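Each remark here refers to the structure printed beneath this line.
Structural data, given as structure tokens:
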């Protein structure tokens, strides 16, 4: 066999191996997503058939049924929206416009496209994602600019629903029954609730600061302590992610969210500077005048 045939055979083998690895990773991610759906379905179904019938008040049992069913529906719906909504990639029009205007922007080392601010290359999706937060194995998708709200609402609705289940289940265990099946289901629910609430609190802090998981990790690694330049204040930070209308903050829709994921407003601070004077010199009227300089904080 000649050298050219050997190289061709090796290249074909490497390509087939990479394709098989990608297919295996995709199946694993889909399996994790299905496991999450099965776990939530098991928790809420067990609650409806084992805990609700043991409630003394009929009105409270009806309320618990409707409330838990609504939260389970919102959780599954937000999971579907997170999975089905593309996180956002660099549009061709934006890239061409930046090239024509002569703007100096960094290029991705992997795919070679111009990288807008806050975008990163996802090795699993094999493309640059706008305002990438992370690649989530639970939803089998990348979390970026266009689906982060659905991911956050997934955590919020899941935390509220699971916390309600834990409180009512604990009340039944303390005052009525302590069957081993009931205790096992309560333990699974409690452990799931602790993990989901912890993740929700973490991403709530990110929303309040208008920062992504990747940016937070970079700042922690580089030991940066100053205020993030995209931090516009709590209210404006929330509106940047959940929308400008508070009525739609907890509704899984992109209504009232303005932006394309390629550019973001940054805050500016005003720094006061005073002219220097020699030692012992008394301040004069001219030396008391200050000048304002707008400085962009990184």
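Numbering (our numbering), first residue to last: 602 to 899. A virtual CB, placed ideally from N, CA and C, is assigned to each residue, including glycine. Note that the structure is predicted; figures quoted are calculated from it, not measured.
Separation of residue j from residue i, as counted between CA atoms
| i | j | result |
| --- | --- | --- |
| residue 626 | residue 752 | Note that residue 626 has pLDDT 47, beneath the 50 cutoff, so the model's placement of it is unreliable and no number is given. |
| residue 795 | residue 650 | 23 Å |
| residue 810 | residue 666 | 36 Å |
| residue 867 | residue 822 | 22 Å |
| residue 875 | residue 802 | Because residue 875 carries a pLDDT of 44, less than 50, the predicted location of this residue cannot be relied on, and the following value inherits that uncertainty. C-alpha separation (whole angstroms): 43 Å. |
| residue 767 | residue 869 | 45 Å |
| residue 730 | residue 642 | 31 Å |
| residue 799 | residue 713 | 37 Å |
| residue 788 | residue 736 | 29 Å |
| residue 820 | residue 719 | 13 Å |
Anticipated Cβ contact below 8 Å, residue i with residue j, distance rounded
| i | j | result |
| --- | --- | --- |
| residue 716 | residue 708 | 7 Å |
| residue 808 | residue 759 | Actually they do not touch by this definition, with Cβ atoms about 16 Å apart. |
| residue 777 | residue 862 | The pair is not a contact, with the Cβ atoms about 51 Å apart (cut-off 8 Å). |
| residue 711 | residue 722 | 5 Å |
| residue 682 | residue 853 | 5 Å |
| residue 738 | residue 633 | 5 Å |
Residue interval of the beta strand (DSSP E) (run including residue i)
| i | result |
| --- | --- |
| residue 735 | 735 to 737 |
| residue 728 | 728 to 730 |
| residue 722 | 721 to 723 |
Selection from the options that minimises the alpha carbon distance to residue i
| i | options | result |
| --- | --- | --- |
| residue 669 | 679, 684, 648 and 658 | 648 |
| residue 749 | 866, 843 and 847 | 843 |
| residue 790 | 764, 636, 675 and 724 | 764 |
| residue 859 | 851, 869, 847 and 841 | 841 |
| residue 741 | 680, 839 and 806 | 680 |
| residue 673 | 737, 684, 636 and 755 | 755 |
| residue 645 | 676, 634 and 690 | 676 |
| residue 747 | 767, 691, 776 and 768 | 691 |
| residue 792 | 633, 640 and 861 | 640 |
| residue 779 | 824, 652 and 636 | 652 |
| residue 743 | 687, 638, 837 and 637 | 687 |
| residue 864 | 689, 633 and 684 | 689 |
Alpha helix (DSSP H) segment containing residue i, residue limits
| i | result |
| --- | --- |
| residue 836 | 835 to 843 |
| residue 857 | Careful: residue 857 lies outside any alpha helix (DSSP H) and carries neither H nor E. |
| residue 760 | 749 to 776 |
| residue 864 | Note, residue 864: premise wrong, no alpha helix (DSSP H); not H, not E. |
Between the segment 774 to 786 and the segment 817 to 833, do at least 3 Cβ pairs fall closer than 8 Å?
-> Flag = no, the segment 774 to 786 and the segment 817 to 833 do not touch.
Contact between the segment 770 to 780 and the segment 651 to 661: three or more CB pairs below 8 Å?
-> Verdict: yes, contact present.
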